[in-house]
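By the count of this note's numbering, the sequence shown reaches residue 217 at its end, each step adding exactly one.
Using N, Cα and C, we set each Cβ at its ideal position, and we do this for glycine too.
Please read these numbers as outputs of a predicted model, since none were measured by experiment.
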Amino acid sequence: MVRYSATPANSSKSALARGAYLRVSFKNTHETAVAISGMKLLKAIDYLNNVKAHKQCVPFRRFNGGVGRCAQAKEFGTTQGRWPVKSVMFLLGLLENVKANAESKSLDLNKTVITHIQVNAAPKQRRRTYRAHGRINPFMSNPCHIEVIVTEKSEKVAAAPAKESKKVTRRGLALKLRHAVKRSAQQGKPKV
26 MVRYSATPAN
36 SSKSALARGA
46 YLRVSFKNTH
56 ETAVAISGMK
66 LLKAIDYLNN
76 VKAHKQCVPF
86 RRFNGGVGRC
96 AQAKEFGTTQ
106 GRWPVKSVMF
116 LLGLLENVKA
126 NAESKSLDLN
136 KTVITHIQVN
146 AAPKQRRRTY
156 RAHGRINPFM
166 SNPCHIEVIV
176 TEKSEKVAAA
186 PAKESKKVTR
196 RGLALKLRHA
206 VKRSAQQGKP
216 KV
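As structure tokens, then:
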């Protein structure tokens with residue numbers, strides 16, 4: 026098994042998937058992954074399908090130089106957003122894979138949450154473009170590695186009502202102790 030950067034707290038209630046050296050933009054995929062991080066698995070799949078259909082956008086917060094503004098980004102409290110279809114397709118494929126892995130572990134898909142998603146830059150691939158006056162410039166691609174961990178969240182159990190204990194100072198504690206010692210000493214003495 027390949028090493029993941031994070032280990033799930035409960036491996037029996039978690040499913041994993043990863044893709045390496047994927048020929049898709051690192052920056053666009055990073056922003057898309059950040060957008061679905063922490064979502065429920067089925068909700069994330071619906072969201073990515075909406076992005077593909079241009080019904081919702083992916084907010085661009087970190088790699089946002091030159092990214093245009095769109096009204097759909099208001100939903101996420103920002104102004105810049107895009108619809109990176111290729112990144113969405115790769116992430117959808119990965120989510121379908123992790124969904125199948127979760128089903129094989131017989132996890133409840135309605136309770137599974139994306140607890141960890143990470144996009145790392147892979148080694149750049151080189152091509153060349155020919156410029157005026159006989160010059161040659163690099164024409165690089167920026168592939169990435171993606172890993173996803175989903176975990177089935179358990180139902181939260183309400184805590185037992187705590188007994189309200191009165192806060193006791195050191196002085197008060199010393200007084201209580203002194204009275205207790207006095208009482209025990211008086212009970213031990215024979216009455217005259």
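(request) Please check the pair Ile174 and Thr140, which I expect to be a contact at CB under 8 Å, by giving their CB distance rounded to whole angstroms. (result) Counting from one through the sequence shown, the residue named residue 174 turns up at place 149. Counting from one through the sequence shown, the residue named residue 140 turns up at place 115. Yes, Ile174 and Thr140 are in contact; Cβ-Cβ is about 5 Å, under 8 Å.
(message) Checking 8 Å against the spacing of the C-beta atoms, do Thr176 and Pro84 come in under that value?
(response) In the sequence shown, counting from the first residue as 1, residue 176 sits at position 151. In the sequence shown, counting from the first residue as 1, residue 84 sits at position 59. Not a contact, by the Cβ cut-off of 8 Å.
(message) Under 8 Å, with one C-beta from each stretch per pair, do the region 129-137 and the region 94-114 reach the 3-pair mark?
(response) Per the Cβ contact rule, the region 129-137 is not in contact with the region 94-114 (fewer than 3 Cβ pairs under 8 Å).
(request) Mind checking who Pro84 pairs with in its DSSP beta bridge? (result) Stepping through the sequence shown from its first residue, residue 84 is reached at position 59. DSSP, once it has assigned bridges, lists Gly106 as partnering Pro84.
(request) Give a yes or no on whether the C-beta atoms belonging to Ala146 and Phe51 are separated by under 8 Å. (result) Walking along the sequence shown from the start, residue 146 turns up at place 121. Walking along the sequence shown from the start, residue 51 turns up at place 26. Closer than 8 Å, so yes.
(message) Check this for me: beta carbons of Arg48 and Pro168, under 8 Å apart or not?
(response) By 1-based counting over the sequence shown, the position of residue 48 is 23. By 1-based counting over the sequence shown, the position of residue 168 is 143. For Arg48 and Pro168, yes; Cβs fall inside 8 Å.
(message) Quick check on Thr137: does DSSP put it in helix, strand or coil?
(response) The count along the sequence shown starts at 1 and reaches residue 137 at position 112. It is a strand residue.
(request) Measure the C-alpha to C-alpha separation of Lys201 and Val193 and round it to an integer number of angstroms. (result) On the sequence shown, residue 201 is found 176 positions in, with the first residue counted as 1. On the sequence shown, residue 193 is found 168 positions in, with the first residue counted as 1. Going from the Cα of Lys201 to the Cα of Val193 covers about 10 Å.
(message) Closest to Asn122 by C-alpha separation, out of Gln150, Ile70, Thr104, would be which residue?
(response) Looking up residue 122 in the sequence shown gives position 97. The residue with the shortest Cα to Cα distance from Asn122 is Ile70.
(request) Select from Leu66, Asp133, Lys181, Ile171 the residue whose C-alpha is nearest the C-alpha of Ser37. (result) Locating residue 37 in the sequence shown gives position 12, counting from the first residue. Out of Leu66, Asp133, Lys181, Ile171, Asp133 has the C-alpha closest to the C-alpha of Ser37.
(request) Return the bridge partner residues of Asn167 from the DSSP annotation. (result) Within the sequence shown, the letter at position 142 stands for residue 167. DSSP, once it has assigned bridges, lists no residue as partnering Asn167.
(message) Leu117 and Ile171 - do their beta-carbons sit closer together than 8 Å?
(response) Reading the sequence shown from its first residue, position 146 is the one you call residue 171. Reading the sequence shown from its first residue, position 92 is the one you call residue 117. Their beta carbons are not under 8 Å apart, which means Ile171 does not touch Leu117 by this criterion.
(request) Would you identify the three-state DSSP class for Tyr72, choosing helix, strand or coil? (result) Here residue 72 is taken as the residue at index 47 of the sequence shown, counted from 1. In this structure, Tyr72 counts as helix in the three-state DSSP scheme.
(request) Go through its chain and collect everything with a Cβ distance to Thr103's Cβ below 7 Å, but skip five positions before and after it. (result) Stepping through the sequence shown from its first residue, residue 103 is reached at position 78. The residues are Pro84, Arg86.
(message) I need the DSSP call for Lys181, collapsed to helix, strand or coil.
(response) Looking up residue 181 in the sequence shown gives position 156. The answer is coil: DSSP assigns Lys181 none of H, G, I, E or B.
(request) For Ala146, write down the residues that DSSP places opposite it in a beta bridge. (result) Stepping through the sequence shown from its first residue, residue 146 is reached at position 121. Per DSSP, Cys169.
(message) Are the CB atoms of Gly93 and Gln105 within a distance shorter than 8 Å?
(response) Within the sequence shown, numbered from 1, the residue matching residue 105 stands at position 80. Within the sequence shown, numbered from 1, the residue matching residue 93 stands at position 68. Yes, these two residues count as a Cβ contact at 8 Å.
(request) Identify whether Lys191 lies in helix, strand or coil by the three-state DSSP scheme. (result) To locate residue 191, count along the sequence shown from 1; it is residue 166. Coil, per DSSP.
(request) State the Cα-Cα distance for the pair Ala54 and Val138, rounded to the nearest angstrom. (result) Your numbering for residue 54 matches position 29 in the sequence shown. Your numbering for residue 138 matches position 113 in the sequence shown. Note that residue 54 is Thr in the sequence shown here, rather than Ala. Answer to the nearest angstrom: the Cα atoms are 19 Å apart.
(request) Throw me the rounded Cβ distance for the Leu73 and Lys124 pair, which I believe falls under 8 Å. (result) Here residue 73 corresponds to residue number 48 of the sequence shown, with the count starting at 1. Here residue 124 corresponds to residue number 99 of the sequence shown, with the count starting at 1. At roughly 12 Å, the Cβ-Cβ gap does not stay under 8 Å, so Leu73 and Lys124 are not in contact.
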